[in-house]
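Residue numbers (my numbering), protein chains in the order written: chain X, 223 to 725; chain W, 223 to 725.
Shown next, in the form of structure tokens:
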């Protein structure tokens with residue numbers, strides 16, 4: 223019997239759902255395989271319409287989805303409404319990407335003489351990789367869960383998805399899957415292109431299943447490693463795209479502290495406590511200069527934190543981990559500088575500010591703590607800062623707050639931080655990830671385990687594989703590779719050609 | 223003491239070279255790390271010139287390289303001259319790709335309102351991943367070895383390479399590395415951008431080294447698995463791009479057998495025996511229809527094979543494996559139909575034709591046999607053929623010989639073969655891989671272990687990672703992301719913009 227827990231009260235309700243048996247997983251994987259042809263058969267325009275229908279269907283179910291998700295996650299209706307909009311937007315963005323067509327990387331090299339002799343006609347394009355397993359994340363019940371970017375990008379690619387529902391929001395997962403299936407159905411796409419499994423055993427069985435061709439995972443490093451091991455033990459290892467852990471250091475320069483310390487303190491407080499600090503891009507460590515301007519930032523952060531209300535965390539596991547990690551950090555050299563309220567039932571924790579010196583930083587003090595906690599490290603001059611930054615674990619993001627007249631400092635910080643992260647943010651906050659064409663959500667291990675990304679349009683590439691037809695009759699070629707097709711960007715004999723260009 | 227063996231005689235010579243110690247590997251990895259900045263600092267144009275200089279340097283050393291490689295591999299001067307030209311061509315092709323600049327995937331999303339609220343300025347581009355370990359392959363002493371596509375694409379990306387010399391051609395490896403270093407030097411690129419290691423222990427130590435950020439490997443499935451295990455046990459797993467094993471089935475339809483059986487037999491013989499059958503795309507299994515047209519093909523293949531001269535294989539290991547695998551295949555239901563000559567000293571084996579029925583095919587009979595061997599499977603009608611094709615292991619390629627009036631057969635074969643391979647060849651042979659923009663060299667496991675490819679321009683992407691700058695001052699952005707830069711294709715607010723377009 224599957225249960226759902228309200229994190230605001232800790233109260234648990236039994237659902238009329240069971241863990242998925244391995245036999246059921248087998249059946250779902252088979253059905254997903256069968257659905258692949260249907261998805262591909264829709265063509266790009268058909269799949270674009272199906273994704274738009276899914277977006278519409280999610281929005282039509284908004285009221286129920288947000289209500290159920292709020293009960294299961296405690297994230298609040300404002301945040302959840304925004305997140306649902308983001309989910310719908312992601313489906314529409316991939317519809318746009320399908321119509322634009324660059325993602326296919328279509329290329330034609332005509333037969334002809336080459337410096338190495340006569341060359342055959344080659345036509346290359348990306349094809350869907352096959353059914354994909356997706357793991358819903360606890361902290362984004364919509365945008366990184368059943369209705370998340372992995373699902374949207376996989377369906378866009380033409381890959382059916384089988385999703386492991388996160389046990390923190392089983393009902394939200396179920397309702398999301400129903401909304402997606404209804405959307406697919408209304409657009410003539412196969413319902414079986416999206417399926418849901420519950421339970422750890424089912425998850426392990428799923429990613430070991432021969433029909434599954436890739437895995438998308440957003441979650442903890444420890445769970446990610448367990449799954450990666452299962453994948454690596456397969457007879458045919460498959461790509462595992464994991465987003466695993468991130469500290470997201472933030473640096474305040476002396477100039478920025480002097481110019482807008484109060485504004486930065488407020489921004490930082492909002493960024494580290496937003497959504498209860500349960501965002502993979504939460505700044506977990508901030509470097510603040512020594513001296514009065516830095517003191518003012520810390521004072522302001524201390525007041526904001528002390529006056530801050532408690533945050534309901536997603537589940538008991540996360541709330542317990544918050545307690546133990548925050549204790550560990552405090553006893554490793556970053557004592558508590560301020561702690562806010564934590565009243566009420568359920569999994570409530572206080573916003574927590576820890577303080578240390580940059581020169582005292584250690585591997586222990588760079589542990590990621592999911593939840594509303596930040597470590598402020600005071601640094602005394604650039605040398606001190608640089609020495610500390612060199613200890614930073616790899617992250618999704620790093621952030622620099624600096625002033626326009628600090629160009630040299632900014633340049634050296636950028637150079638130092640670039641190898642450590644996937645995104646470098648200036649004078650803003652790493653949370654609130656924009657979903658767009660140029661966006662990217664990855665970084666060196668352990669922030670992610672691949673160069674690929676789960677946010678932004680290129681997320682689709684994770685679920686595609688290149689394929690080349692040599693000297694093929696046009697009848698077997700996808701239309702995008704027909705000689706007279708010109709509705710998408712293609713590379714012809716090495717030169718990129720835009721739609722509608724003279725040929 | 224490292225030795226080199228002449229496969230034509232089996233005679234072994236001691237070289238003035240030692241296996242690289244682990245301490246030396248550490249030093250080389252550190253120097254490679256230090257060289258990365260120099261490669262990046264050259265910029266795209268500087269690296270393009272360096273690659274062209276390397277191409278010129280390889281050609282300048284042609285006489286010695288071919289002579290040494292011929293002594294170490296027995297592949298013959300014609301083939302080796304062609305392969306050296308291909309190596310030089312690959313370096314020049316990547317120079318072209320650097321100047322064209324699409325490979326950077328530059329994208330700019332300007333700050334502005336979005337359906338989800340105000341969005342920041344995001345600028346995305348691919349950056350070099352860092353030092354890369356490359357494993358030279360035995361069967362391509364130039365084009366898949368020290369001077370091969372992995373090295374060319376990694377250097378193009380801006381990644382230094384540390385190459386494990388294949389023990390079948392240590393001297394060729396050394397001379398190639400010297401030629402590359404001379405080319406880099408002449409173009410003002412860091413010599414340490416290419417280094418060489420010898421020995422298995424050094425190889426294992428290399429790919430476990432923290433400085434190494436990716437591995438390119440072309441070789442056997444068994445060695446690939448050993449290396450992959452080392453990579454997976456790293457604290458920070460890195461991408462391993464392996465090209466591992468491939469059977470490359472080829473189908474002759476009834477129509478093709480009737481129309482040009484003799485031509486096909488000759489082509490097939492050339493393809494399975496070329497370079498001693500030591501090509502990853504060698505057709506190892508051919509489906510020939512039952513009946514007189516198919517009989518004629520087999521008769522012709524039988525004569526060609528029986529009259530064929532022996533082939534010197536690359537080393538004793540490969541020659542012994544050829545003997546044992548061909549015996550295993552013969553005793554598993556594909557008896558010898560013809561065997562050619564195998565005279566002379568050294569690692570000489572005969573061209574070998576095995577024959578079986580498609581309906582008798584088994585997993586045992588689809589084992590890859592490196593060397594001049596092909597299994598011909600006779601099939602009785604399309605149903606028989608389809609049943610047999612469903613047993614095929616995944617491969618780099620599949621090939622169909624068919625006539626223009628067999629459109630339905632061709633369509634159903636294409637559909638059946640597409641999921642099994644990375645390249646589908648029509649009325650030609652899978653060997654003789656064209657190196658070009660649209661080319662691709664990969665396929666589902668075990669032919670390769672990733673969607674990426676070691677041949678063609680997209681090989682460069684294996685050694686790049688996406689990076690996003692958010693709200694960055696122009697001073698920290700690469701020039702390709704400056705607002706007024708327009709020398710390369712870029713995606714601006716979702717739309718692809720070609721160089722010199724109105725903006």
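C-beta atoms are modelled at their ideal positions from N, C-alpha and C, and glycine is treated no differently.
**OP:** Using 7 Å as the cut-off, classify the Cβ of residue 381(W) as near or not near the heavy atoms of the ligand HEM, replying yes or no.
**Re:** Although the ligand HEM was asked about, the structure shown includes no ligands whatsoever.
**OP:** Report yes if the CB atom of residue 566(X) is closer than 8 Å to the CB atom of residue 573(X), and no otherwise.
**Re:** no
Original post:
Shortest alpha-carbon distance to residue 387(W) belongs to which of 377(W), 378(W) and 362(W)?
Top reply: 362(W)
Original post:
Mind listing which residues of the segment 623 to 639 of chain X have their C-beta closer than 9 Å to chain W's C-betas, in chain order?
Top reply: 624, 626, 629, 632, 633, 635, 636 and 637
**OP:** Tell me whether residue 355(X) sits in a helix, a strand or coil according to DSSP, three-state version.
**Re:** strand
Original post:
How is residue 678(W) classed by DSSP in three states: helix, strand or coil?
Top reply: coil
Original post:
So what's residue 541(W) in DSSP terms, helix, strand or just coil?
Top reply: helix
Original post:
Per DSSP, residue 533(W) is paired with what?
Top reply: 571(W)
Subject >> Whole-angstrom C-beta distance between residue 258(W) and residue 381(W), which should lie under 8 Å >> reply: 7 Å
Original post:
Using CA coordinates, which residue listed in 628(W), 683(W), 511(W) and 616(W) is at the minimum distance from residue 601(W)?
Top reply: 511(W)
Original post:
Thinking C-beta only, is residue 397(W) closer than 8 Å to residue 246(W)?
Top reply: no
Subject >> Sequence-distant residues of its chain with Cβ nearer than 6 Å to residue 244(W) (five each side left out) >> reply: 427
Original post:
Closer than 7 Å, Cβ to any Cβ of chain X: which residues of the segment 419 to 447 of chain W, in chain order?
Top reply: none
Subject >> Within chain X, partners of residue 351(W) - CB distance below 8 Å >> reply: 673
Subject >> Cutoff 6 Å; reference residue 554(W); Cβ partners in own chain excluding five residues on either side >> reply: 586 and 587
**OP:** Can you grab the Cα-Cα spacing for the pair residue 408(W) / residue 278(W), in whole Å?
**Re:** 10 Å
Original post:
For the segment 329 to 385 of chain X, which segments carrying the alpha helix (DSSP H) assignment without a break, of at least 4 residues, lie completely within its bounds, in sequence order?
Top reply: 371 to 379
**OP:** Examine the Cβ distances between the segment 364 to 376 of chain W and the segment 507 to 525 of chain W and report whether three or more of them are shorter than 8 Å.
**Re:** no
Subject >> Segments assigned beta strand (DSSP E), at least 3 residues, entirely inside the segment 458 to 515 of chain X >> reply: 462 to 465, 471 to 474 and 507 to 511
Subject >> Members of the segment 527 to 552 of chain W that neighbour chain X once the beta carbon cut-off is set at 8 Å >> reply: none
Subject >> Those residues which DSSP pairs with residue 647(W) across a bridge >> reply: 692(X) and 621(W)
Original post:
Taking buried to mean at least 16 other C-beta atoms within 10 Å of its own C-beta, is residue 605(W) buried or exposed?
Top reply: exposed
Subject >> Test: residue 689(X) CB closer than 8 Å to a CB of chain W >> reply: yes
Subject >> Endpoints, alpha helix (DSSP H) assigned at residue 402(W) >> reply: 392 to 408
**OP:** Let me know the secondary structure DSSP gives residue 724(X) once reduced to three states.
**Re:** Its pLDDT being 48, under 50, residue 724(X) is placed unreliably in this model, and the value from its coordinates should be taken loosely. In the structure shown, residue 724(X) sits in coil (DSSP, three-state: anything other than H, G, I, E or B).
Subject >> Whole-angstrom distance between residue 424(X) and residue 542(X), CA atom to CA atom >> reply: 26 Å
Subject >> Which of helix, strand or coil DSSP assigns to residue 268(X) >> reply: helix
**OP:** May I have the straight-line CA-CA distance separating residue 470(W) from residue 333(X), to the nearest angstrom?
**Re:** 22 Å
**OP:** Please report the Cβ distance between residue 254(X) and residue 417(X), rounded to the nearest whole angstrom; I am assuming they are in contact, meaning their Cβ atoms lie under 8 Å.
**Re:** 6 Å
**OP:** With residue 230(X) as the anchor, note down where its beta strand (DSSP E) starts and where it stops.
**Re:** Looking at the DSSP string, residue 230(X) is not in any beta strand (DSSP E), and its letter there is neither H nor E.
Original post:
Expressed to the nearest angstrom, what Euclidean distance is found between the alpha-carbon atoms of residue 531(W) and residue 445(W)?
Top reply: 31 Å
Original post:
Are residue 692(W) and residue 340(W) closer than 8 Å when you measure CB to CB?
Top reply: no
Original post:
Using a C-beta cutoff of 8 Å, does residue 391(X) count as contacting chain W?
Top reply: no
**OP:** Please confirm if the segment 609 to 617 of chain W is in contact with the segment 628 to 643 of chain W, defined as three or more CB-CB distances below 8 Å between the two stretches.
**Re:** yes
Original post:
Which same chain residues, not among the five before or five after residue 721(W), have their C-beta less than 7 Å away from its C-beta?
Top reply: 708, 709, 710 and 711
**OP:** Can you tell me the Cβ-Cβ gap for residue 570(X) and residue 564(X), rounded? I've got them flagged as a contact below 8 Å.
**Re:** 5 Å
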